[in-house]
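I have placed the structure first, in the form of structure tokens, so that the comments after it can refer back to it.
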Amino acid sequence: MSKIELRHIDKYYGKNHILKDVNLTIEDGDFMTLLGPSGCGKTTTLRVVSGLEKPQGGTIHIDGKEIVNAAEAHFAPPSERGLNLVFQSYALWPHMTVRENISFGLKIQKLSKEEQEKRVQSALKRMQIAQYIDRYPSELSGGQQQRVAIARAIASEPHLLLLDEPLSNLDAKLRVDMRSELKRLHTETGTTMIYVTHDQTEALTMSTKIAIFREGVIVQIAPPLELYNNPCNLYVADFIGNPRINFVQAQAEYDTKGMRVHGPLGDMTFSREDMTEDAPTSGSGAVVLGIRPEQLCINTARLSPSDIEAHIYTSMPAGSETLITVKKDDTTMVIKALGITHYNPDQTVYVALDTKKINVFDKQSERLVKYSR
Amino acid sequence: MRTNAEIQSYSKSKRIKNQILEVVTNPYNVIVLIAIALLTYLIVLPLLDMISTTFVLAQRDARSAGGTTGEFTLYYWHRLLASELTGKLLLQPLLNSLLIGVCVSVLAITLGSVLAWLMVRTDLPFKKFFSLAVIIPYMIPSWCKSQAWLTMFKTERIGGAPGFLTSLGVNVPEWLAYGPVAIILVLSLHYYAYAYLLVSAALNSINSELEEMGEIQGAGKMMILRKITFPLVLPAMLSAVILTFSKAIGTFGVINYLGNPVNFVTLSSQLYMNNKSQNTETAFAMALILICIASISVFMNQKLIGSRKSYATIGGKGGRSTEIRLGMHKPIITIVLILFFIVGIMMPILLLILESFMLREGSYALSNFTLHYWIGDPDPTIMEGLPGIFKNDDFINALLNSIKLTFVTGILGTIFGQILGYICAKGRGKLHGKIVEQLVFIPYLIPSVAFGGIFLSMFSTPQTIFGVTIIPSLYGTFALISLTSVIKHLPFASRAGTSNMLQISGELEEAASIVGAGFFKRFARIVFPLSKGGFISGFMLIFVSIMKELDLIILIMTPKTTTLPYLAFQYANGNSPQASDCVAIVMFSIVFLVYAIANIFGDADLAKSMGG
């Protein structure tokens with residue numbers, strides 16, 4: 001129930017410029033994920049929003065109210081921002097029981113005893129750990145501690161919930177379970193959430209919007225599928241998607257009607273309406289084709305004249321899907337096929353692709369020039 | 001990109017208002033400011049005062065120096081550094097100090113490190129017993145040990161009764177009974193405890209997987225010890241060297257007992273003599289030279305350790321620790337250790353106890369044994385008619401004073417130490433943290449006797465700022481002794497505080513501040529409960545140290561404020577070693593008892609507080 005606007009946020013640690021002119025708007029009810037490799041500034045952004053760190057430049061508004069104005073040295077304390085935070089380490093107070101951990105903040109808010117008890121119970125019930133109420137954190141497993149940490153954060157009924165890589169300390173199975181619970185928590189409470197992770201699967205499956213960070217700069221902000229389909233540059237294209245996107249080098253000629261591409265996968269024509277606004281309208285240059293592994297179809301026989309003849313490099317069945325690496329001259333591509341298929345090494349195959357769906361990037365500027373439709 | 005208009009669209013007055021508000025409404029900032037102001041006033045100012053004193057001509061020397069009282073002079077420094085008196089006043093004592101400092105450091109560090117390694121890393125039997133026993137020397141003041149040394153080795157030279165060995169007919173050579181050898185041995189047996197505590201803390205933090213990796217690579221036991229374990233604990237050993245060296249060159253009690261009979265003087269004993277005979281300027285000049293030596297040793301230490309300072313923590317918290325098997329050497333090592341325990345630790349205590357029951361020292365006939373010095377009524381033929389200590393008002397007074405002093409300064413020192421430690425831990429790498437860390441470290445470099453001297457001269461007159469009296473004259477008050485003790489022990493106390501506070505993850509506090517807990521609430525509900533053990537350990541560190549403190553407060557003592565160590569010192573100097581023994585035994589019992597209680601109920605651990 002909260003709209004957050006970060007404007008021109010700059011943050012330094014000593015001489016290290018950690019956040020560089022970060023602008024980010026999080027709409028009411030968003031599940032905004034800050035995604036990026038470690039050390040890219042996503043956790044710092046979260047801490048700046050929470051009030052634990054003070055930026056050296058920029059402003060932050062929550063629901064139109066100014067809570068940070070670095071130029072005027074105005075920083076509202078964390079407790080006045082109506083938010084709560086789940087730490088990566090959980091940060092449960094080891095000398096307090098689960099109940100005390102959760103009610104600590106409620107006591108500070110001076111809620112009545114009954115209200116405190118009600119909130120504690122409902123938070124615990126929501127996280128399905130009501131039976132552990134009188135235990136100490138050290139008596140709980142990692143997954144249970146995680147639930148207590150979330151319960152503690154939601155008990156104060158924050159308008160904004162911040163989560164700093166909350167699932168990174170859990171094992172793979174628990175992580176998948178907690179993912180769906182967090183998503184459920186978001187839809188049930190409608191709370192605005194900011195979620196920090198370096199795990200793109202978490203980001204893609206849970207978020208309503210994702211902000212991709214790279215070395216202290218936000219590269220792209222978009223809903224998950226848009227991010228996946230039309231990454232704004234090579235960095236995002238490469239970062240998002242598992243297995244990774246295939247990059248194929250090619251040459252392009254631009255004109256007002258669109259562009260023609262010539263490369264190892266043959267000639268392709270793209271019309272202007274599929275292209276980005278800043279794509280050139282004349283001249284020529286090197287481009288990179290971005291082709292998702294599932295956009296390629298593989299057959300043992302030629303079905304269409306446009307099919308590309310290639311050779312099997314390796315084939316890796318994984319049950320529900322098979323990852324096949326093929327080579328066409330010097331170009332290597334990964335293809336994702338559903339189900340179990342089998343190919344022999346060096347076998348000749350025919351690869352079909354829908355040129356409408358692929359991305360094209362300018363090699364020089366690394367920016368997207370052609371949308372996937 | 002932002003426009004120029006956007007950059008300039010803020011109000012400067014608002015910025016200043018907010019910045020001031022931030023500083024004054026945040027208790028942490030206020031505390032840091034107060035701490036820095038107080039530390040400057042109580043540490044930097046006395047030091048500057050000390051320096052300036054040495055450049056001002058005193059009335060007593062006005063004639064011989066040929067100047068007027070109160071004017072600027074190089075007289076004292078000239079006399080000390082470049083006159084015909086230099087050799088006797090400075091060089092000989094200085095060489096003696098360095099000899100003592102270096103020898104004691106080498107011996108004590110070797111002994112302490114070996115003991116620490118045996119105790120932490122090997123399968124030595126009776127470890128629990130040994131690890132308590134090796135701390136005991138830390139609890140007995142060093143001058144007590146020299147008293148025991150005299151009881152054992154005293155020759156006829158200084159008159160009075162002969163020592164234990166002489167009375168058995170053994171001819172004790174003089175070089176063993178008095179002088180540098182005796183001093184070095186006694187001090188080493190005392191200060192090895194520092195090396196032991198520091199190195200064992202470092203060893204405890206080394207993951208034994210590091211050593212096991214060496215074993216897998218095919219290194220032998222000695223190779224592992226030399227190439228892996230030793231370099232990892234080297235920083236701890238070097239800080240133990242600093243600690244030992246600066247303490248050894250600053251001590252004077254032991255020199256007084258064991259050096260005086262053969263006129264062996266050091267800079268610190270000269271410093272005491274000069275201070276006592278009102279030659280404050282010369283005394284302070286000597287103190288400054290000692291401070292310089294200590295500073296140089298600290299500087300060299302930092303150069304040597306350099307970036308490797310944090311070794312021990314990098315290896316950090318390796319839960320598992322596999323003990324090294326001593327194999328066939330085990331019985332031999334055990335026997336040697338037991339012998340060491342008997343000779344080096346139990347013997348001094350037993351000798352003191354034994355002597356305290358002897359009517360005349362040196363006579364070991366059964367008829368000579370008495371309880372007189374403990375509970376006897378006044379007898380004009382013994383000790384000028386003074387009764388046994390438990391019937392002696394002086395003793396009762398000193399006992400109460402000591403208990404009051406140790407508890408007051410222990411508690412105050414611990415609280416300040418933990419708060420300063422909190423600042424040092426939170427301010428790591430920030431300017432205010434560095435300032436506090438450096439300020440707090442200074443008292444460590446100032447020899448105890450000189451530290452007492454400077455506080456005495458500073459606070460004997462009322463302290464005023466702009467004509468307003470802030471602190472009245474504290475001469476002869478309990479407050480002065482407490483103040484001196486607390487400030488002198490701040491380096492230790494804040495070090496204990498820092499290592500305590502560093503164990504509390506910052507996120508635990510942040511989690512509380514997110515839900516609106518203010519500074520004091522966080523301290524009371526999160527930081528304090530989580531660091532209770534450290535508080536108690538820190539308290540013990542100060543408690544033990546102040547209970548046996550003599551050098552520091554000897555100049556400040558007045559008959560009303562006498563403490564147990566001072567009383568024992570007086571008795572010993574007044575040729576009543578038995579009474580002195582009684583006092584020392586009572587003092588040691590209190591220290592041991594409190595330590596045992598804290599250890600059992602409060603999880604106190606001196607090693608934890610010492611290791612940073």
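From first to last, the protein sequence lines are chains A and B.
Residue numbering for the first sequence follows full-length UniProt numbering, beginning at 1 and increasing consecutively.
Residue numbering for the second sequence follows full-length UniProt numbering, beginning at 1 and increasing consecutively.
Beta carbons: idealized from backbone N, C-alpha and C, even for Gly.
Note that the coordinates shown come from a computational prediction; the quantities given were computed from them, not determined experimentally.
On the DSSP letters alone, give me the boundaries of the beta strand (DSSP E) that A/Leu323 sits inside. Glu321 to Lys328
Going straight from the alpha carbon of B/Ile547 to that of B/Gln147, what length do you get? With the sequence shown as reference, residue 547 of chain B is identified as Met, and Ile is not the correct amino acid for it. Roughly 17 Å separates the two Cα atoms.
I'd like to know whether the C-beta of A/Pro55 is nearer than 7 Å to at least one C-beta of chain B. no
Can you tell me which of B/Glu215, B/Ser188 and B/Ala287 puts its alpha carbon nearest to the alpha carbon of B/Phe245? B/Ser188
Buried/exposed call for B/Glu281, threshold 16 Cβ in 10 Å: buried
Per-residue DSSP class, three states only, for A/Tyr343: A/Tyr343: coil per DSSP, three-state reduction.
Report the rounded CA-to-CA distance for B/Leu89 versus B/Pro180, giving the unit in angstroms. 18 Å
Can you tell me whether A/Asn23 is buried or exposed, with buried defined as 16 or more other CB within 10 angstroms of its CB? With fewer than 16 other Cβ atoms within 10 Å, it is exposed.
Closest residue to B/Ala182 among B/Thr122, B/Ala195, B/Lys145 and B/Leu234 (Cα-Cα distance): B/Lys145
Would you list the one or two residues that DSSP bridges to A/Lys11? A/Leu19
CB B/Phe153 to CB B/Gly169, shorter than 7 Å? no
Return no unless some Cβ of chain A is closer than 7 Å to the Cβ of B/Lys426. no
Closer than 7 Å, CB to CB, is A/Ser159 near chain B or not? First, the amino acid is wrong: residue 159 of chain A is His here, not Ser. It does not; no Cβ of chain B falls within 7 Å.
Excluding the five sequence neighbours on either side, which residues of its own chain have a C-beta within less than 7 Å of the C-beta of A/Asp30, listed in chain order? Thr192, Thr208 and Lys209
In whole angstroms, give me the CA-to-CA distance for A/Thr44 and A/His8. 14 Å
Nearest CA to the CA of A/Met268: which residue from A/Glu277, A/Val248 and A/Leu124? Looking at the Cα atoms, A/Val248 is the closest of the given residues.
Distance, Cα to Cα, A/Gln131 vs A/Gln121? 10 Å
Reference A/Glu80; option with closest CA among A/Ala73, A/Thr97, A/Leu160 and A/Ile150: A/Leu160
Neighbour list for A/Ala73 in chain B, Cβ cutoff strictly below 7 Å: Arg15, Asn18, Gln19 and Glu22
Determine the chain B residues that contact A/Asn84 at a beta-carbon separation under 8 Å, and present them in chain order. Ile514 and Val515
Check whether the stretch 74-84 of chain B and the stretch 217-226 of chain B are in contact - that is, three or more C-beta pairs closer than 8 Å. no
Minimum length 3: unbroken beta strand (DSSP E) runs contained in the stretch 86-160 of chain A: Within the stretch 86-160 of chain A, no complete beta strand (DSSP E) segment of 3 residues or longer occurs.
Where do the ends of the alpha helix (DSSP H) carrying A/Ala352 lie? From DSSP, A/Ala352 is part of no alpha helix (DSSP H) but of the beta strand (DSSP E) over Thr348 to Leu353.
I'd like to check one pair, A/Ala250 with A/Met259: are the Cβ atoms closer than 7 Å? No, these two residues do not count as a Cβ contact at 7 Å.
Whole-angstrom distance between B/Tyr595 and B/Phe535, CA atom to CA atom: Approximately 14 Å, taken between the alpha carbons.
Quick one: which chain B residues come within Cβ less than 9 Å of A/Ile108? Ala512, Val515, Gly516, Ala517, Gly518 and Lys521
Burial state of B/Gly319 (16 or more Cβ within 10 Å): Residue confidence for B/Gly319 is low, a pLDDT of 47 falling below 50, so the modelled location carries little weight; the figure read from the coordinates is stated next. Answer is exposed; the Cβ neighbour count stays below 16.
Three or more C-beta pairs closer than 8 Å, one from the stretch 211-225 of chain A and one from the stretch 51-68 of chain A: is that the case here? Flag = no, the stretch 211-225 of chain A and the stretch 51-68 of chain A do not touch.
Chain-ordered chain A contacts of B/Glu507 [CB-CB under 7 Å]: Phe87, Ser89 and Ala91
Thinking C-beta only, is A/Leu34 closer than 7 Å to A/Asp164? no
Indicate the three-state DSSP secondary structure (helix, strand or coil) for A/Asp255 in the structure shown. strand
For the beta strand (DSSP E) containing A/Cys232, list its first residue and its last residue. Segment: none, A/Cys232 is in no beta strand (DSSP E) and carries neither H nor E.
Indicate whether A/Gly82 and A/Asp10 have their beta-carbon atoms separated by less than 7 Å. One thing to note: A/Gly82 has its Cβ no nearer than 7 Å to the Cβ of A/Asp10.
Chain B partners of A/Ser50, CB-CB under 9 Å? Glu510 and Ile514
For B/Ser458, which residues does DSSP report across the bridge? A small fix is needed here, since residue 458 of chain B is Met in this sequence, not Ser. B/Met458 pairs with nothing; no bridge assigned.
Assuming A/Leu204 is part of the beta strand (DSSP E), what are its boundary residues? Unbroken run through A/Leu204 is the alpha helix (DSSP H), Gln200 to Met206; no beta strand (DSSP E).
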